[in-house]
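Student: Okay, here's the structure, questions in a sec.
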Amino acid sequence: MLITGAAGWTGGNLARRLEARPDLKVYAVDDAKPRVPFSSDFRQLSLDRLTLARYVLEIQPHVVFHLQSVHPTSERGKNTESEERIIGSLALFGAIERLDTVEKVIVKSDTAIYGASPRNPSVLNETTRPQGTPSRFQRDLTEMERFIGEAKTRHPDTQFTVLRFAPIFGPRIKNPISRYLTLPTVPTLMGFDPRLQFIHESDAVTALEYAADHGIDGTFNIAARGQLYLSRVLRLGRRLPQPLPGRMFDGALSGLARADMGVPRHLRGLLKHGRVVDTSEMTATLGFEPAFSCRQTVLSAYGHMVETSP
Amino acid sequence: MTREQLSEMTKVQLMAIARECDLAGRSTMNKSELIVALVDTAVDVAPETVEPEGLGGITIPGLAPEDRAEARARRDALNERLSGFVDTHTHCAWTSTEGHPCGLPVISETEACGLHGDGSIADRAIPLTGQLGFGSWPPLWRHLSLATYDIDSFGLDPVIAEMAWHVLNMLYYDYFRVEVEGIENVPMEGGAVLVANHGGAAIPYDGAMLSLAVMNEAKLPRRVRVVGTEIFNMLPGVSHMYRKVGAAYAARDDARELLKRGHLLGVFPEGERGFMKPVWEAYRVGRLGRGGFAELAEEASAPIVPVAIIGSEEVHPAVMVSRKLARLVRLFFPEQRVDEIAVALNPIPLPIRWHIRFLPPVMPSAESHHLDALDQLERAEDVRRTIQSALDDILSERRTAF
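In order, the protein sequence lines correspond to chains A and B.
Note that this note's numbering gives residue 310 to position 310 of the first sequence, counting from 1, and the numbers run on in steps of one.
With the second sequence counted from 1, adding 310 to any position gets you this note's numbering.
Next comes the structure, spelled out in structure tokens:
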């Protein structure tokens, strides 16, 4: 098995879970040092261009988890970096097509692919065509998923599962949304209260594992049961919301980005219009059921709940 | 009748005769056109003379003693009826993960309160404590701040919706004194599309009053999920409140999903055109969009209930419809798609006495579940005509707007 993007929290924990299984060799790659320690064969190599693809041809994996397909904080000014990453994904899919050994490819995508537009329907399902001007991140995701579609048409025997994750939130993970929501006082956009959906960090890892074990072809939204308004999330986390009018909110966000808090611009749309996806495909077709509801995810992330599930 | 006789009559009387003769197109005629059309008809109706009342003495609408008494009586009757839906002797056993007990009374014949039950609160607006009133707000605040419940995926927050219901009842009973007819035409089970004429020019009161009419008068207090344009999603303050009280965005996907879940869907297909009618075009129903609602209803095999609303088009009489003003607005808010802006002179709505009539439903056809474009437009036109003639009826019987 090969895991790309293993330096992140999700990838690292996935590697640890898979290591526990007997007769399974896990290879992990990323361009950074792993945040979660694991004992698998880790190699630090750049994910762009052809390096990754050559490595894949060398190790000939059976299952590929592609977690770092799109640059997570791609935004204006980092165009080259995210483009390189996209090319890296394209090369990886090319390598997978060339190999006959690969049976399953599980790709981590994001519900940010739907964007956040006032013209989007209230509940987005996998076939919804997003409205409005796409952000850089959204365009990268769309392009990456298009590569997968093309690869699928050429290799119908290989299983390609795309999991579109709602924002992953939990007590340990560090990503833009968790950094934003755990600020001591949280800047919000005055007059807007977006509907948000999350997926618990452990459920995210379980979903990836589940897709490898019982997965089927297709694209699935992965989100916890229920949804919450941002104001309720902050109330549950006992964080003080600081409503700011439009321009000042933009300023606060770019300030956070510049202070290396890692709150990228594409969050702005989410924090204005919110996003709720339909998870009926996930439960009915994929058969996956997250252990945490949205509310439990938030409580657990803020450490207000004793965890009973893994 | 001779021309002389006819020309002595008022327009209301002429309208009554025209209705008697079933004259086609009477709703759009002015007085002289009515006379010309009625001269040849040989009717011998001697309409009784109508004396205007209510405007003679100086009474402030809504503050007259009989209005106050009526409002109080209706409110008491509503509370009496609503309290029958909950069982105040049993309390909900639900406890949150942090250990907060629920403490609300359970809904009759079930084991949980509205918030922690089977989710039927998204369809049936049964008050959580069985009463509407500020007295029930402390427990509501508690649940709101602890976020002990789940919102539905369109963003309906049952607690905020209940508070809004209570507050808007002041408009409903005391200010607009809404009279409702034909509420039995609204189905109490499954989905249905309520199609109404649109008006308001500044604020869409009709959406709120339509939902309140069903919640206050029907056998079961069902929610009407009114759908609004994208402008609701963009305006600060409005963007989340309209969702919290149970409305949704008028995307076809949303409407379809609401019907699939068996909710009552409230639509105003006249759209912005109807909303911004100048006052001299009030109560002339325009084209009902592209008839998309007919297709949606057919797909879900849900009945269409035409609704005639008198009142909404007069509360903010628009004296001018301006394109230049709209251009100015677009300059500051480039993402808003406004073509026209209606200008009303009154900052507060006029105390019009409202009248809402629910008309007999149009049933979906039994076998085919597909309407082509022509069918849709024809059905929309039928519905438009039904609403128009009902509006004409109510208007001709009305003695005063207040």
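All C-beta atoms, glycine included, are put in the ideal place defined by N, C-alpha and C.
Does A/Gln197 pass the burial test, meaning 16 or more other C-beta atoms within 10 Å, or should it be called exposed?
Tutor: buried
Student: Give me the subset of the stretch 518–551 of chain B whose CB atoms are less than 7 Å from a CB atom of chain A, sorted by chain position.
Tutor: Glu540, Asn543, Met544, Pro546, Gly547, Ser549 and His550
Student: How many whole angstroms separate the CB atoms of A/Val105 and A/His66, which I take to be in contact at a CB cut-off of 8 Å?
Tutor: 7 Å
Student: Taking the alpha-carbon positions, what's the A/Glu75 to A/Ser293 distance?
Tutor: Its pLDDT being 48, under 50, A/Glu75 is placed unreliably in this model, and the coordinates cannot settle the point.
Student: Can a CB atom of chain A be found closer than 8 Å to the CB of B/Phe464?
Tutor: Cβ-Cβ to chain A under 8 Å: yes for B/Phe464.
Student: Please go through the same chain and pick out, in chain order, the residues whose beta-carbon is closer than 8 Å to the beta-carbon of A/Arg17, but skip the five residues on each side of it.
Tutor: In the same chain as A/Arg17, and ignoring 5 residues on each side of it, the C-beta atoms closer than 8 Å to its own belong to Val205 and Glu209, in chain order.
Student: Evaluate B/Val488 with the Cβ neighbour count: other Cβ atoms within 10 Å of its Cβ, from every protein chain shown; 16 or more gives buried, anything less gives exposed.
Tutor: buried
Student: Only counting the same chain, and skipping five residues up and downstream in sequence, which positions put a Cβ closer than 8 Å to that of A/Arg295?
Tutor: Cβ within range, chain order: Gly226, Leu228 and Leu236.
Student: Check the DSSP bridge columns for A/Phe65 and list the partner residues they point to.
Tutor: A/Ile3 and A/Ile106
Student: Listed from N- to C-terminal order along the chain, which residues in the stretch 231–251 of chain A have their beta-carbon within a distance smaller than 7 Å of any beta-carbon of chain B?
Tutor: Arg232, Arg235 and Leu236
Student: For B/Pro718, which residues in the same chain have their Cβ closer than 7 Å to its Cβ, ignoring the five residues on either side in sequence?
Tutor: Outside the shown range of chain B (311 to 712) lies residue 718 of chain B, about which nothing can therefore be said.
Student: Can a CB atom of chain B be found closer than 8 Å to the CB of A/Arg295?
Tutor: yes
Student: Let me know the secondary structure DSSP gives B/Glu491 once reduced to three states.
Tutor: strand
Student: Measure the Cβ-Cβ separation of B/Glu491 and B/Phe668 and say whether it is below 8 Å.
Tutor: yes
Student: Can you give the beta carbon distance from A/Arg35 to A/Gly8, rounded, assuming they're within the 8 Å contact cut?
Tutor: 7 Å
Student: Which residues bound the beta strand (DSSP E) around B/Arg535?
Tutor: Val534 to Gly538 is the span of the beta strand (DSSP E), which, as asked, contains B/Arg535.
Student: Taking 8 Å as the threshold (C-beta atoms), are B/Ser463 and A/Val123 in contact?
Tutor: In contact: A/Val123 and B/Ser463 (Cβ atoms closer than 8 Å).
Student: For the alpha helix (DSSP H) that B/Val639 lies in, which residues bound it at each end?
Tutor: Lys634 to Phe642
Student: Output yes if chain B places a C-beta closer than 8 Å to the C-beta of A/Thr128; else output no.
Tutor: yes
Student: Return helix, strand or coil for B/Leu316, following the three-state DSSP convention.
Tutor: helix
Student: Pairs of beta-carbons, one from the stretch 516–536 of chain B and one from the stretch 423–443 of chain B, closer than 8 Å: are there three or more?
Tutor: yes
Student: Using a 10 Å radius around the Cβ and a threshold of 16 neighbouring Cβ atoms, would you call B/Ile619 buried or exposed?
Tutor: Classification of B/Ile619: buried, given that the 10 Å Cβ count is 16 or more.
Student: Please report the Cβ distance between B/Gly509 and B/Val536, rounded to the nearest whole angstrom; I am assuming they are in contact, meaning their Cβ atoms lie under 8 Å.
Tutor: Not confirmed; about 14 Å, so no contact.
Student: Taking the alpha carbon of B/His665 as the reference point, which residue from B/Lys554, B/Val505 and B/Leu520 has its own alpha carbon closest?
Tutor: B/Leu520
Student: Spell out whether any CB of chain A is found under 8 Å from the CB atom of B/Asp460.
Tutor: yes
Student: Which value, in whole angstroms, describes the spacing of the CA atoms of A/Phe137 and A/Ala112?
Tutor: 8 Å
Student: Check for me: the alpha helix (DSSP H) holding A/Phe249 runs from which residue to which?
Tutor: Gly246 to Arg258
Student: To the nearest angstrom, how far is it from the Cα of A/Thr51 to the Cα of B/Leu638?
Tutor: Computed Cα separation, rounded: 55 Å.
Student: In the DSSP output, which residue or residues are listed as bridge partners for A/Leu189?
Tutor: A/Leu244
Student: Skipping 5 residues on each side, what residues in its chain have a beta carbon closer than 8 Å to that of B/Gly599?
Tutor: Pro579, Glu580, Gly581 and Ala690
Student: List the DSSP bridge partners of A/Arg43.
Tutor: A/Val29
Student: Within its chain, find whatever has a CB closer than 7 Å to the CB of A/Pro121; leave out the 5 residues flanking it on each side and keep chain order.
Tutor: Once the five neighbours on either side are set aside, the close Cβ partners of A/Pro121 are Thr128.
Student: Could you tell me the distance, in whole angstroms, from the CA atom of B/Glu688 to the CA atom of B/Leu504?
Tutor: 17 Å
Student: Do the stretch 563–575 of chain B and the stretch 587–596 of chain B touch if we need at least three Cβ pairs shorter than 8 Å?
Tutor: no
Student: Run through chain B and tell me which residues come within less than 9 Å of A/Leu228, C-beta to C-beta.
Tutor: Against chain B, a Cβ distance below 9 Å from A/Leu228 picks out Ala457, Asp460 and Ile461.
Student: Counting contacts by CB-CB distance shorter than 8 Å, is B/Gly364 in contact with chain A?
Tutor: A caution first: B/Gly364 carries a pLDDT of 49, below 50, which makes its placement in the model unreliable, though a value can still be read off. No, because no Cβ of chain A sits closer than 8 Å to the Cβ of B/Gly364.
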